[in-house]
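Residue numbers (this note's numbering), protein chains in the order written: chain A, 468 to 705; chain B, 5 to 288.
Glycine included, C-beta positions come from ideal geometry on N, C-alpha and C.
For clarity, every value in this text was computed on a predicted model and none was experimentally measured.
Just below is one structure, and these are the notes that go with it.
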Amino acid sequence: MTQTVIKVQNVSLEYPRHRHLLSIFTSKMRKQKNNFQALENINIEIKKGEVIGIIGNNGCGKSTLLRIISGIIPPDSGECLVAGNISLLAGLGTGFSGHQTGRENAMLYGSILGYSESQMVEILPEIIEFSELGAFIEEPLRTYSAGMKARLGLAVASAIEPDILLIDEVLGVGDPNFKEKSTNRIMEMVKGAGTVVIVSHSFGMLAEVCDRVILMEKGRVHSIGIPKEIIRNYYDLE
Amino acid sequence: MTDDKPAINLLPVGQRSSSLSAPFSNILIAHEYKFLMKNLIGRTVRGRYRNSMLGYLWSVLEPLLLSIVYYFLFNMLAGNPDRLYGVWVLIGVIIWTSFGKTLSATITSLSANKGIINLIYFPRVIFPISLMFSNIVLSLMSCIVIFPILYAYGVEPSLYLLYIPAAVFLSGFLGIGLGMIFAPLNCVQKDVEHLFRFIVRAGFFFSPVMWTYEMALERGTFGSTLLTLNPMVTPITMARHGFAGHSTTLPTFSIVYCISFALIMWVVGSMIFNRYERQAVKYL
Numbered sequence: 468m469t470q471t472v473i474k475v476q477n478v479s480l481e482y483p484r485h486r487h488l489l490s491i492f493t494s495k496m497r498k499q500k501n502n503f504q505a506l507e508n509i510n511i512e513i514k515k516g517e518v519i520g521i522i523g524n525n526g527c528g529k530s531t532l533l534r535i536i537s538g539i540i541p542p543d544s545g546e547c548l549v550a551g552n553i554s555l556l557a558g559l560g561t562g563f564s565g566h567q568t569g570r571e572n573a574m575l576y577g578s579i580l581g582y583s584e585s586q587m588v589e590i591l592p593e594i595i596e597f598s599e600l601g602a603f604i605e606e607p608l609r610t611y612s613a614g615m616k617a618r619l620g621l622a623v624a625s626a627i628e629p630d631i632l633l634i635d636e637v638l639g640v641g642d643p644n645f646k647e648k649s650t651n652r653i654m655e656m657v658k659g660a661g662t663v664v665i666v667s668h669s670f671g672m673l674a675e676v677c678d679r680v681i682l683m684e685k686g687r688v689h690s691i692g693i694p695k696e697i698i699r700n701y702y703d704l705e
Numbered sequence: 005m006t007d008d009k010p011a012i013n014l015l016p017v018g019q020r021s022s023s024l025s026a027p028f029s030n031i032l033i034a035h036e037y038k039f040l041m042k043n044l045i046g047r048t049v050r051g052r053y054r055n056s057m058l059g060y061l062w063s064v065l066e067p068l069l070l071s072i073v074y075y076f077l078f079n080m081l082a083g084n085p086d087r088l089y090g091v092w093v094l095i096g097v098i099i100w101t102s103f104g105k106t107l108s109a110t111i112t113s114l115s116a117n118k119g120i121i122n123l124i125y126f127p128r129v130i131f132p133i134s135l136m137f138s139n140i141v142l143s144l145m146s147c148i149v150i151f152p153i154l155y156a157y158g159v160e161p162s163l164y165l166l167y168i169p170a171a172v173f174l175s176g177f178l179g180i181g182l183g184m185i186f187a188p189l190n191c192v193q194k195d196v197e198h199l200f201r202f203i204v205r206a207g208f209f210f211s212p213v214m215w216t217y218e219m220a221l222e223r224g225t226f227g228s229t230l231l232t233l234n235p236m237v238t239p240i241t242m243a244r245h246g247f248a249g250h251s252t253t254l255p256t257f258s259i260v261y262c263i264s265f266a267l268i269m270w271v272v273g274s275m276i277f278n279r280y281e282r283q284a285v286k287y288l
């Protein structure tokens with residue numbers, strides 16, 4: 468029996484909906500529910516070495532679930548257990564500062580993602596090479612195109628080698644030339660990482676790489692199973 | 005292998021350390037995340053004046069210009085100020101800015117870093133601490149202007165000048181503690197941020213920035229009450245005495261009051277921040 472590395476037990480989460488003082492009082496008076504149920508009683512167990520896909524319509528709680536697993540948001544009830552270090556690949560280039568050079572931003576982004584200084588110094592040449600920025604790496608980031616920023620972001624983020632990799636819709640970034648390279652890089656990461664959870668709308672890719680797929684609907688797990696069946700379920704939903 | 009066994013190294017994610025130990029653990033966290041802090045401080049400090057021609061010079065120019073304005077204002081209203089009045093205002097502005105900027109930055113520390121917070125988990129206390137150090141660095145850079153002024157006024161530099169960086173640190177530390185109490189609340193209600201912008205502005209007048217400790221002493225009960233209650237009196241006055249090159253004439257009570265005030269704010273702020281930041285992040 469292989470080891471369970473992610474165990475989500477009875478996890479529920481509500482997002483507060485109203486943000487004004489007055490509405491807090493009025494809703495208390497009317498005993499109205501003023502929260503948005505993002506996740507409701509989720510139970511998932513993921514084994515070591517599995518590649519799991521999560522699909523579902525926008526707002527069904529896919530990204531929220533990844534945030535719970537990576538410890539960004541604590542669940543209101545239930546528990547999430549994880550074995551090994553975990554890394555969320557999302558929003559490439561978050562925290563970049565336009566005033567600093569590409570090199571400085573690579574260091575900044577790397578430190579945000581949890582690299583140590585010595586690790587960063589070691590992998591920096593590799594990052595610069597992969598990002599194909601050449602001499603641009605010494606230019607301030609505000610002079611970069613969106614594609615260049617995405618390349619730098621991916622180059623830094625993909626250097627991580629976590630036990631558990633969570634991917635939230637970051638496939639195929641950059642211009643068409645780089646798209647293939649970036650997809651390949653992420654596929655390499657998927658193969659290299661022990662366990663992977665991918666949130667994506669590219670069903671073709673999911674069917675290819677995933678062992679199991681989870682279909683979510685309105686904060687609940689609709690079904691879990693082999694990719695083809697679950698993707699069919701998704702189309703039956705509508 | 006039984007069913008329970010594989011769960012041995014399964015650890016719950018996002019465990020929070022006890023908020024009772026927060027005032028101490030936050031210091032250890034800051035040490036542990038030095039590299040991240042260094043980069044975040046670099047981002048803030050380099051970002052502040054980067055798109056301007058005069059760049060860093062603005063950190064010196066801003067308090068300098070402000071003190072010139074107040075010099076003329078004071079001349080017009082009260083007439084004939086102290087020879088060093090302009091310098092007192094300059095020092096007051098620098099020290100007050102260290103406090104005010106740290107306070108406002110700490111209050112918005114969570115909401116301003118929404119992107120990073122939604123990307124990865126690390127102890128969020130890193131944000132206020134790195135912002136405090138950024139503002140201390142910027143204030144220390146402003147302090148450089150004091151050297152040519154010493155020369156211009158023919159004041160002999162002395163070791164008491166060290167009061168000035170000490171005052172920058174103390175006021176920054178006052179700012180972070182107070183700010184951390186309200187930072188989680190600001191995620192829920194943005195009003196906090198607006199309220200504190202006003203408080204920082206009003207506090208400017210209730211602290212000895214445009215006036216001095218000595219002036220307030222001549223104002224009877226109102227002046228002395230203000231001097232006793234306002235913790236910002238100590239750092240600003242200390243820095244001025246440091247410039248003048250003598251040991252501070254502040255009563256020991258004021259210094260003890262200010263330092264304990266800052267420490268209590270840090271303790272309370274750390275506890276509240278660590279207790280509520282995880283919940284507050286949901287509102288971002």
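Pick from the options that is closest to residue i, judged by C-alpha positions
| i | options | result |
| --- | --- | --- |
| I140 (chain B) | B:A171, B:Y53, B:G119 | B:A171 |
| N477 (chain A) | A:L506, A:T469, A:Q470 | A:L506 |
| N510 (chain A) | A:V475, A:E481, A:R609, A:S564 | A:V475 |
| I540 (chain A) | B:P152, B:R128, B:E222 | B:R128 |
| V149 (chain B) | B:V73, B:L68, B:R244 | B:L68 |
| A613 (chain A) | A:T561, A:R484, A:G577, A:E481 | A:T561 |
| S585 (chain A) | B:P255, B:F39, B:P16 | B:F39 |
| L556 (chain A) | A:R679, A:N508, A:S537 | A:S537 |
| F247 (chain B) | B:Y164, B:G227, B:V73, B:T253 | B:Y164 |
| F453 (chain A) | A:L580, A:M615, A:E606, A:Y582 | Chain A is shown from 468 up to 705; residue 453 (chain A) falls before or after that span and cannot be answered. |
| I473 (chain A) | A:S544, A:F503, A:E696, A:N552 | A:N552 |
Contacts around residue i, its chain only, beta-carbon distance under 8 Å, and the 5 residues preceding and following it disregarded
| i | result |
| --- | --- |
| C677 (chain A) | V518, I519, G520, I665, P694 |
| P10 (chain B) | Since pLDDT at P10 (chain B) reaches only 45, below the 50 mark, its modelled position is unreliable, and no value is offered. |
| P169 (chain B) | L144, C147 |
| I111 (chain B) | G183, F186, A187, N190, V196, E197, F200 |
Assigned secondary structure, residue i (DSSP; H/G/I helix, E/B strand, else coil)
| i | result |
| --- | --- |
| N524 (chain A) | coil |
| K648 (chain A) | helix |
| A613 (chain A) | helix |
| N278 (chain B) | helix |
| M683 (chain A) | strand |
| A505 (chain A) | strand |
| I697 (chain A) | helix |
| C677 (chain A) | coil |
| L15 (chain B) | strand |
| N30 (chain B) | helix |
| V213 (chain B) | coil |
| P542 (chain A) | coil |
| E705 (chain A) | coil |
| N552 (chain A) | coil |
| Y482 (chain A) | strand |
| E36 (chain B) | helix |
| G565 (chain A) | coil |
| S690 (chain A) | strand |
| T531 (chain A) | helix |
| K515 (chain A) | coil |
| Q283 (chain B) | helix |
Residues of its chain near residue i, where Cβ-Cβ distance is below 6 Å and the 5 sequence neighbours each way are ignored
| i | result |
| --- | --- |
| I708 (chain A) | Missing from the structure shown is residue 708 (chain A); chain A here goes from 468 to 705 and no further. |
| I276 (chain B) | I185 |
| K194 (chain B) | none |
| T469 (chain A) | K514, K515 |
| G273 (chain B) | G181, M184, I185 |
| L174 (chain B) | P239 |
| M5 (chain B) | Unreliable placement is indicated for M5 (chain B), whose pLDDT of 39 sits below 50; the coordinate value is still reported in the next sentence. Answer for M5 (chain B): no residue qualifies. |
| F582 (chain A) | Note that residue 582 (chain A) corresponds to Tyr in the displayed sequence, not to Phe. None. |
Same chain, Cβ closer than 7 Å to residue i, five either side skipped, listed in chain order
| i | result |
| --- | --- |
| V271 (chain B) | P27 |
Contact set between the segment 547–570 of chain A and chain D, restricted to residues whose Cβ is under 7 Å from the partner: No chain D appears in this structure, whose protein chains are A and B.
Does the segment 207–221 of chain B come close enough to the segment 120–136 of chain B to have 3 or more Cβ pairs within less than 8 Å? no
Whole alpha helix (DSSP H) elements within the segment 85–129 of chain B, 4-residue minimum: 89–111, 113–116, 118–121
Any 3 or more C-beta pairs closer than 8 Å across the segment 60–70 of chain B and the segment 105–123 of chain B: no
Any chance the segment 649–664 of chain A sits against the segment 619–629 of chain A, with 3 or more Cβ pairs inside 8 Å? yes
May I have a chain-ordered list of the alpha helix (DSSP H) segments no shorter than 4 residues that lie completely inside the segment 129–168 of chain B? 130–147, 150–156
Does the segment 150–159 of chain B touch the segment 76–94 of chain B, meaning 3 or more C-beta pairs lie closer than 8 Å? yes
Decide if the segment 521–532 of chain A is in contact with the segment 667–685 of chain A; the criterion is three or more beta carbon pairs, one per stretch, under 8 Å apart. yes
Quick one: any contact between the segment 178–195 of chain B and the segment 98–111 of chain B, if contact means 3 or more CB pairs under 8 Å? yes
Does the segment 249–267 of chain B come close enough to the segment 228–241 of chain B to have 3 or more Cβ pairs within less than 8 Å? yes
Between the segment 43–52 of chain B and the segment 567–579 of chain A, can you find at least three pairs of beta-carbon atoms closer than 8 Å? yes
Write down every uninterrupted run of the beta strand (DSSP E) in the segment 570–635 of chain A whose length is 3 residues or greater and which is fully enclosed by it, in chain order. 631–635
At what residue ranges does the segment 183–267 of chain B contain a whole run of the beta strand (DSSP E), taking only runs of 3 or more? none
Would the segment 582–592 of chain A count as touching the segment 539–558 of chain A if we require 3 or more Cβ pairs under 8 Å? no
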